[in-house]
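Residue numbering for the sequence shown follows this note's numbering, starting at 282 and increasing by one per position. For each residue, glycine too, the CB sits at the ideal point set by N, CA and C. Keep in mind the model is a prediction, meaning the values are calculated, not measured.
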Amino acid sequence: MDPQPITESESHRPIDFPNGWPQLDLLARALAFAAAKHRHQRRKDRERSPYINHPIALLRVLVHEAQITDPQVLAAALLHDTIEDTDTTAAELVAHFGPDIAALVQEVTDDKRLPQAERKQLQIDHAPTLSDRAKLVKLADKICNLRDVDQSPPERWSIARRQAYFDWAEQVVTALGPMPPTLMEPFHAILQTGRAHLAAPRADRPLRLYWAGPLFSLGERWLNQTLAEELQTLGYPVFLPQVECAGLSDPQAIFECCRSGLDQANAVIAVLDGADADSGTCWECGYAFARQLPIVALRTDFRGSGDAGGFNAMLLGTARSVIALTDPAANLPTVRSRLVAAVEALVPLN
């Protein structure tokens, strides 16, 4: 299925060109070509936005912020990922747009056959050798990517990974050498803003918790509700399926409700009851682990099925910390304090 059409909110404001500018036909052809090539692709942001939004963002930076009017640079910006990320060949670009634009695109194209670490180092090593025109495209690309990582990062990127991306992008841009202030100013601005967001105090990046746990007994439901409310009184938003999905009977609707809660969370509390944890909780932990969300596990045995030896070690391995609760009802204050301490020790992933 083709991606949804780009809406005004997705593509931001229009790009203004001088009236009667003779190169609009070239840019229209480049945009149409890039849109067709990227039509089945999505960005890695949380919204999974159409990929073509990214080349358009480069064009906007070059025109609006850097006042670049070189039509070949602008066309190359629209086409910059076509060889790297689609089946486009250099010969195809030459046939459609001429050798100069094709050469610019080739200059900023990574060799996807190489390991990622090697490709990233080559970007640093090759940056000084790029032509002046290619450097403009490269810098605009870094500005747009940093803005995306700051505002809507890929859902599985931890804070550490985002910080590493900022550091690497700075190395690439530094290696480019002197660049126009109209591009360096927005680059330094997003470096400063993005790093400030990543280093913000925990209070400015509140945890959004998902409560994963079985609902088979009154004891399990009581524990879920009691401890979730305790965290809510401390200011932590908690998605509690037995509350948020109450009233749903269709299995698919329940699944979508729970998945939505997990997608909005950046940490998970998982109640692992008995020697063989509830299958739904296993799925929730697996989904959270795949998203690299930290998990705090609470070991309970409301069903009296035993808690020794036979527990699923793979499931337990997903947890960052494990709290054994031998008698939660009798030791509720201790349970609360241990859970709060474990939650506050987490580093939120935003």
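Query: Straight-line CA distance for Lys419 to Val577?; Result: 42 Å
Query: Does the beta-carbon of Pro331 have 16 or more other beta-carbons within 10 angstroms, so that it is buried, or is it exposed?; Result: buried
Query: Can you tell me whether Tyr568 is helix, strand or coil according to DSSP?; Result: helix
Query: Do Val342 and Ile424 come within 9 Å of each other at the CB atom, strictly closer than that value?; Result: yes
Query: Measuring CA to CA, which of Gly475, Ile333, Arg443 and Leu403 is closest to Leu324?; Result: Note that residue 324 is Arg in the sequence shown, not Leu. Nearest C-alpha to Arg324: Ile333.
Query: If you compare alpha carbons, which of Ala450, Leu488, Pro459 and Gly500 is closest to Arg476?; Result: Ala450
Query: Using the DSSP secondary-structure output, state which residues sit across from Thr581 in a beta bridge.; Result: Asp554
Query: Label Val524 either buried or exposed according to how many other C-beta atoms from any shown protein chain fall within 10 Å of its C-beta, with 16 as the threshold for buried.; Result: exposed
Query: May I ask you to list the residues that DSSP assigns as paired with Phe520?; Result: Tyr491
Query: Out of Cys526, Ser530 and Val552, state which residue places its alpha-carbon closest to the alpha-carbon of Arg235.; Result: Since the first residue shown for the chain is 282 and the last is 631, residue 235 is missing from the structure and cannot be characterised.
Query: Going by alpha carbons, who is nearest to Ser498 out of Asp392, Asp554, Val621 and Thr390?; Result: Asp554
Query: Which residues in the same chain have their Cβ closer than 6 Å to the Cβ of Leu630, if we skip the five residues on either side of it in sequence?; Result: With a pLDDT of 43 at Leu630, under the threshold of 50, the modelled position of that residue is not reliable, and the figure given next carries that caveat. Counting only Cβ-Cβ distances below 6 Å, and skipping sequence neighbours, we find Ser439 and Asn547.
Query: Going by the DSSP bridge assignment, what does Ala605 pair with across the sheet?; Result: Arg580
Query: Please report the distance separating the alpha-carbon of Ala313 from that of Pro409.; Result: 31 Å
Query: Would you kindly check if the distance between the Cβ of Glu365 and the Cβ of Lys393 is under 9 Å?; Result: yes
Query: Find out if the Cβ-Cβ distance for the pair Glu346, Thr463 is shorter than 9 Å.; Result: yes
Query: Tell me whether Val389 sits in a helix, a strand or coil according to DSSP, three-state version.; Result: coil
Query: From this set, Ser412, Glu501, Leu515 and Leu307, which residue's C-alpha is nearest Ala551's C-alpha?; Result: Glu501
Query: Please check the pair Leu596 and Cys566, which I expect to be a contact at CB under 8 Å, by giving their CB distance rounded to whole angstroms.; Result: 6 Å
Query: Ordered along the chain, which non-local residues of its own chain (more than five positions away) have a Cβ less than 8 Å from that of Ala626?; Result: Ser602
Query: What are the residues that DSSP puts in a beta bridge with Arg443?; Result: Partner(s): none; Arg443 has no beta bridge.
Query: CB Ile604 to CB Leu574, shorter than 9 Å?; Result: no
Query: Buried or exposed for Trp503, please, with buried defined as at least 16 other CB atoms from any protein chain shown within 10 angstroms of its CB.; Result: exposed
Query: Terminal residues of the continuous alpha helix (DSSP H) containing Trp438?; Result: Taken as a continuous stretch (DSSP letters only), Trp438 belongs to no alpha helix (DSSP H), as it is neither H nor E.
Query: How is Ala546 classed by DSSP in three states: helix, strand or coil?; Result: coil
Query: Taking 9 Å as the cut-off, decide whether the C-beta atoms of Gln491 and Val624 are in contact.; Result: With the sequence shown as reference, residue 491 is identified as Tyr, and Gln is not the correct amino acid for it. Contact flag unset, no.
Query: Report yes if the C-beta distance between Asp559 and Pro467 is below 9 Å; otherwise report no.; Result: no
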